[in-house]
Structures are given as structure tokens and as C-alpha cells.
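This report concerns only the one structure given below.
Numbering (our numbering), first residue to last: 79 to 916.
Next comes the structure, spelled out in C-alpha cells:
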């Protein structure tokens, strides 16, 4: 603690290590004077963060921030304190103001135990006017302990112990003639699996995974020696023999060294797995904390489910209840002027090309065949698979076994104990994915020219960023002209799961798919068997009567084609990302508002005719304007008036009616700070410095740079807030490397240079320029944006070297608009981006 005292001598603090009923935590009391310079304030809190990062604690103090609340404001010290609380994942418990109505004394804690803060009835000393006496009570008996979802023994192939040389040799030598002789696709698939499983079983042990109560780094040898040690200890206590005592001491020492070595090896493996896939860090944290992705108690419609089998069946019941029974519409061979196309037979080279792209992962569907096996054994498996797929194409029959899907509940948002906050994601057979990719390619090649350019979801060379940049640029230009823009954000209820199969087939026919191809899609969609699976528990099976599979390769494209006629029929500005649809227009008078309402009515009518439902409670509109006297209008869906809101989250970015993105900046800064603190806490035992950087770029930078072309801050104070996140990370890296926290006034530039980092501002500028390069080189397909890019062509020789022409802005909104920033950045990085000089 002497280092902290030397760092900022004007701050008073006391540290106390408390032990109550074997529960150990730190109690820290701090006083920070109001006139402390902000640099010293930040240095102290950063050093405090390093000390507390992985410890249980209660932090009590007068931080002298009268404007404290749960949200950011313009106070720089409050922002720094908020970053600390986000990083340490703490809760502020005191809500008792002083006689001035201000909250000066704050109580932060990361203890997972109930805590109550009251105004003390009998203070030990005379109560101060500015600091009310507080009574803090902690319930040490109870804790907010997570109830994990139990696991059951599950049978599976243990590919980690496979004899791969023998397996691949056997697959290569397998006689697949019994498969190629089959004339019915389902019989061919059954024969194929019989041969495949027979070959795998001879090289891959099939075992029951035992759920051990020992830590995962404990080997069988360690467990055996621990049991032997306890046996010797019991013998010594009974007999008092010195021989047994000495043997017990020897085994105790030996077990300690074994455990230490095993733990070191285990952590090395964890580090390597996280380096290859940073998302593995969450599995490590779940293991370390004893938590599961799904809690052990779930709730749905006022019912509680506590047994694992009940929970899994409740998920299955909830997911199956989303489906619709389908319409009475019969399939019709719709004739259009579009070119008719069919699915042609596949060649072996085409099939191998698809199999070669499969990831080297253990992901497997109901058949337990991992994707890496398909990649590695592509040449051995190509012949039987080619026969099966071409047989399926010629007979217009999708294999029944490949229509079985393992459903994994994935948490969407909010309370993770409520079933309604989960979506079903289908994990399909990897062989089914091969066939889906073939079907996808044929459908996309035949239809992509007809799909609306306003659809950005699941389309090559388009993304959420192109969608958001398009609308931001439009609003920025209109606001700069003094206009008002009304944007209506729609929300469909379970859109992917309620697609009507018969209507979809008619739409596909209108796109030009041949009758035999339509029959194959019908076979693909009908009688799909699903079951929910988690931690070894399997639910009752249920059939999909509607919808397209979420998590599949083909499902998103089918949905895009299903909704395309709606997007193309609207007579106003429209943008879509799959089922996220928004319509918008400049509204200056009643006529403009009525035109927008007519298009909203079209959406409602289309939904009625096509079996989808609008979630009216979640459909909102935002009025973007800088006018004091704006045109007030209301919009409705079937007579239900939409909510008018000042801010809305659109594809992960929080828009406000002034297009300032201030609150979005605050939110991502807060989220990035929490994630940085998470990395610092869970990686306390890691030694590989590169691992910290990989986690930082994968989990923190990804938050700070997602769609940054849309919201990038224009003003310096906002830029510094974001840079402060990286500055803290670089200081932490220096601490891990040198074992000493960097000096108080070390410059940000020096940290960047030491660790070979670029500032986040420079990274954003480069991303701007890179986006512009892709846009003008057709690597990004967005006509609306490209039409806004104007090349500067001087009439005479000029010193002005700008490549792009920019209109003169009237406001800062156009100065910070996406196209403006991209053009300026492209000029700055012109040589690097366009000629690759760096």
C-alpha cells in the first residue's frame, strides 16, 4: 500500500483485511479531496483497480462527486469513477443523500452477498451536515449464488483419443459400393452411416463421459495418489505408526508437486485454446465459477422449472409453440418472365471444394460426425456423398436423417432465467450442411439479381454497417438542410419460425425455380424433427410445421426471398436487415406523413396475407429534427398508435433524435470497460502477454469499433473517453511485463510506442479509408452509398490534392457524417489504401 500512498500523497485511505466465518474480504475506506487534479484522481483509481482486480472487497469513501448517478454526465471525474466500477464489476449500494440532497459517500462492493445500507439511528460521533452516518449490513450466511444446470453422463465418440492414422486409412479403403448401388436416397444414407460408424468405432473409443467432481486439471494419477494419501492418514491416526506418518507426509508433498505441475500444464493448454479462439475464455470462466450457460432454475408463464429434464422439455414446448399450422394456400407453378433454373447434378470436384472449406472444429449435429472429420477425410468420403446428393437432386428428396436438428437455446437479452428470452438455434448434421451449401449456391446464383438492394441481411458485400451508414448519411444530409425525418422501426414476431411453407414455395417459383427444385425445397422444409439438447439432457421431439431453420446455411436466404416482395413494393425509403425493417422519409407536411402511413399500411396488409405478425408494442418511430417547431404526426398499425421515442437501438447502435450518439458512446465505453475488467480478472494467472492482446482485440476493440463509421465521436472529450480504455489496457500490460505500475504522468504516446499500438482515433480513420476503398472497388455492394461519393476534378492545375469532392456543410452533423469522414480519411491514407505503399 506504500506504492499507492507515494503515488498520490493527498489521498487518505485505510485498507483492512477481514475474515468472518472463514469468509475473507478487503475493506477499504477512502477520502479524495475535491481539489485533487484529475490526472492524480485517475492515477489513484487505476492503481486501486490493479490491486482489487481479483479480490472480494467493499470500497467506502467520499469521492467528492456531487453529481454522482448511475449514468454518465459531463463530469470527467465521474466518468473515471464509472470506468472503475464497470471494470471491477461492482454495485454502488448507498442511496442516502446528505442534507444538501447530494450523494458524496459511495459504497462499492463486488461481494455476492445481500447488503443493506441504512441511515444509522445511533451514530458513534456527531453527524456531519454533508456526510450522514451510515449503517452497512452484510448477510454472510446467504449469497447470490448461481444455481448451475446439472450435467448427466452422455455417450459420444471420443475423437480426442482417436487413432487418426488408422481411421483415415480405413475410410480410404472402405468399400462404398453398397451405397452407390442404392436407388433410394434414404436407404443410401442409412447404408452410408452404417459403414461410417463401423469404421469409426474401430479407431475411435466410444465412451461415457463421467462428470468428475475433481478439478479438470486433476489426472487419474493425482486422484489415485490423493486417495492413497487419505488412506495412509487414516491408518496413521488409528495406529499412530511412524511408518504410516512418513508415508503420508511423502504422499502429501508428492501430490502438491503433482497438482502444481498439472495446473501449470492445464493453464498452458487453456492459454493456447484461447489464443486460437478467444471465445474459449467464457468456457474457462464458467468452469472456474461453477456456472452454466443456462441456469438450474427457469421460469415461464408464472411456472418454475427446477429439474433439468423439466427445463429441457419446457424449452421444447416453448419453441414448438411458436410454429404456425400453415395456410390453406396450395402450391402453384407461378409463371413469370424470369429465367427458370433448376438444381444441376454436382461434380466430385465441386463437392470436394465445399468439404475443404469446413472448419477444423468438433462441432457436430445429431449424427455426432464433427466438421473437422469431413475436412480431413474429404477425398475418402466424396464418392458416397456424391452419389447420395445427386440421388437426392434427381429424386427431389432431401434425406430424412439429415432433417433431424439438435436445438440449442441461446440467450437473447435481459433476464436469463426466463424461457422467453431464449431463441432456438439448430445444430444440424455437417453432411446436411454440405447439401445446403449446394442448394444455397444454386438459389442465390439464380435470384440475387432480383433481390432488393435495400436488403442488407445475409447478402454478400453488405452488412449491418452498410445498413446503418446508409440511414445515418441520409439523416445527416437532411438535418443539415433543416429538414425533419420520420423513421418507423418495425418488429416482426418470431419471423424466421413462422414463415408459411406453401407461400414460400410459391414465391420461390416466382423467382424462377423449376418444379423439381421446388419439390426438393418442399422436402427440405417438411417434417423436420427437432429436440432440445443441453448438458446431456434431451427433450421430447417435435416437428417444425412452419419457418426456416435458424442456424442453417439455407434458412436466412429463404427468408430474404420470402420478404423481398414486401421491400420492393414500398414507395418510400426502405432499409432491411433480414426481418429488421425500417421505413423513413422527409416529413415537412401532412402529405408527407400520410405517404409514410400508406407504406406502413402496406406492411400490415402484407403481413396478414403472408402469415407474419408485427409486434405492435415494439414498433416505434423516431422523429429526427433540430427544429423547435417541428411537424407533429402520429403513425398507427391497424388503429394502434405507435410509440414516439427519442432514442432507439438499431442493429446494435443507439440512435437519438439529435443524431449525436452521445448515449451510444457512453454505453459502448461502459461495456468496453466492463469487458476489459473481465479480462483483467480472469487472466490473473495467465503468463502469455500475447494472450492479453488477443483477448483485448477480440472482446474489447470489437465493441469499440463495431459500426464506428456511424457513431464516431466528433468532439475531443468523447474521443478521449474512448482512448482512456486503451490507455488503461496498455498500463496493465506494462504492469504484467515489468511487475511495476507505470509512473503517474506517463504519456499515452509513450505507451502506444512501447507496445506498438495505434491510437483508436487513428484506427477509426483507417477503417473509414478502408471502407471507402472497398466501396469504390465494388468489394462493398451499396448503391445508395456509392451514389453519394463524388470525385474532385479540378478545372485547372491546382495545389488542392483532395481526391473526393465534399459539399460545404452548414452544421457539424454533415461535417461528421459517414461519407464526409470516409472521404477525408481516404485522402489521408490514400497511398496506403489505394496503392499499398505501407
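Even for Gly, the Cβ is constructed at its ideal location relative to N, Cα and C.
Requested in this report: Any chance you could list the beta strand (DSSP E) runs of at least 3 consecutive residues sitting entirely within the stretch 744-809, in chain order?
Outcome: none
Requested in this report: Report the residue ranges of all beta strand (DSSP E) runs contained in full by the stretch 641-697; include only those spanning at least 3 residues, in chain order.
Outcome: 651-655, 658-664
**Report entry** residue 270 beta carbon less than 8 Å from that of residue 462
**Finding:** yes
Query raised in the report: What's the call for residue 413, buried or exposed, on a 16-neighbour Cβ count within 10 Å?
Result: Model confidence at residue 413 stands at a pLDDT of 49, short of 50, so the residue's coordinates are unreliable; what they give is reported in the following sentence. Answer is exposed; the Cβ neighbour count stays below 16.
Report task. Round the Cβ separation of residue 401 and residue 633 to the nearest angstrom and send it over; I've been treating them as touching at under 8 Å. Result -> Not really, about 14 Å apart at Cβ, beyond 8 Å.
Query raised in the report: For residue 117, is the classification buried or exposed, using 16 other Cβ atoms within 10 angstroms of its Cβ as the cut-off for buried?
Result: exposed
Query raised in the report: Taking the C-alpha atoms as reference points, what is the distance between residue 308 and residue 297?
Result: 17 Å
Report task. Answer yes or no: do residue 144 and residue 374 have a C-beta to C-beta separation smaller than 8 Å? Result -> no
Query raised in the report: Touching or not, the stretch 800-809 and the stretch 561-578, by the rule of three or more beta carbon pairs under 8 Å?
Result: no
Requested in this report: Let me know the secondary structure DSSP gives residue 537 once reduced to three states.
Outcome: coil
Query - Proximity below 8 Å, CB of residue 561 to CB of residue 701 - result: no
Query - Residues that residue 591 bridges to, as DSSP identifies them - result: 419
Query raised in the report: The beta strand (DSSP E) spanning residue 506 covers which residue range?
Result: 500-506
Query raised in the report: Starting from residue 251 and walking both ways along the alpha helix (DSSP H), at which residues does that stretch end?
Result: 242-251
Query raised in the report: Where DSSP assigns a beta bridge to residue 882, which residues make up the other side?
Result: 869
Report task. Identify the continuous alpha helix (DSSP H) that holds residue 161 and give its terminal residues. Result -> 154-166
**Report entry** residue 483 - partner residues in DSSP beta bridges
**Finding:** 506, 608
Query raised in the report: Hey, which unbroken runs of the beta strand (DSSP E) at 3 residues or more fall wholly within the stretch 279-336?
Result: 284-287
Report task. Find out if the Cβ-Cβ distance for the pair residue 820, residue 809 is shorter than 8 Å. Result -> yes
Query raised in the report: Under the rule that 16 or more other beta-carbon atoms within 10 Å means buried, what is residue 552, buried or exposed?
Result: buried
**Report entry** Whether residue 846 touches residue 757 by CB criterion (8 Å)
**Finding:** no
Report task. Using 10 angstroms around the beta-carbon of residue 724, count the other beta-carbons present and answer buried if the total reaches 16, otherwise exposed. Result -> exposed
Query raised in the report: Where does residue 170 fall in DSSP's three states?
Result: strand
**Report entry** Other residues of its chain near residue 306: CB distance less than 8 Å, five sequence neighbours each side excluded
**Finding:** 329
Query - Pairwise C-alpha distance: residue 784 and residue 707 - result: 35 Å
Query raised in the report: Does the stretch 630-648 come within contact of the stretch 585-594, defined as at least 3 CB pairs closer than 8 Å?
Result: yes
Query raised in the report: Is residue 473 closer than 8 Å to residue 263 when the C-beta atoms are compared?
Result: yes
**Report entry** Residues that DSSP places opposite residue 701 in a beta bridge
**Finding:** 564
Query raised in the report: Should the stretch 124-134 be regarded as contacting the stretch 96-108, the criterion being three or more beta carbon pairs within less than 8 Å?
Result: yes
Query raised in the report: Roughly how many angstroms lie between the CA atoms of residue 670 and residue 649, to the nearest whole one?
Result: 12 Å
Query raised in the report: Terminal residues of the continuous beta strand (DSSP E) containing residue 377?
Result: 376-378
**Report entry** Proximity below 8 Å, CB of residue 160 to CB of residue 748
**Finding:** yes
Query raised in the report: Does the count of Cβ pairs from the stretch 240-258 and the stretch 421-434 closer than 8 Å reach three?
Result: no
Report task. Tell me, please, whether the stretch 202-221 touches the stretch 177-193 by the rule of three or more beta-carbon pairs shorter than 8 Å. Result -> yes
Query raised in the report: How would you write the range of the beta strand (DSSP E) that residue 105 sits in, first residue to last?
Result: 101-109
Requested in this report: Please determine if the stretch 590-610 and the stretch 477-486 are in contact, where contact requires at least 3 C-beta pairs separated by less than 8 Å.
Outcome: yes
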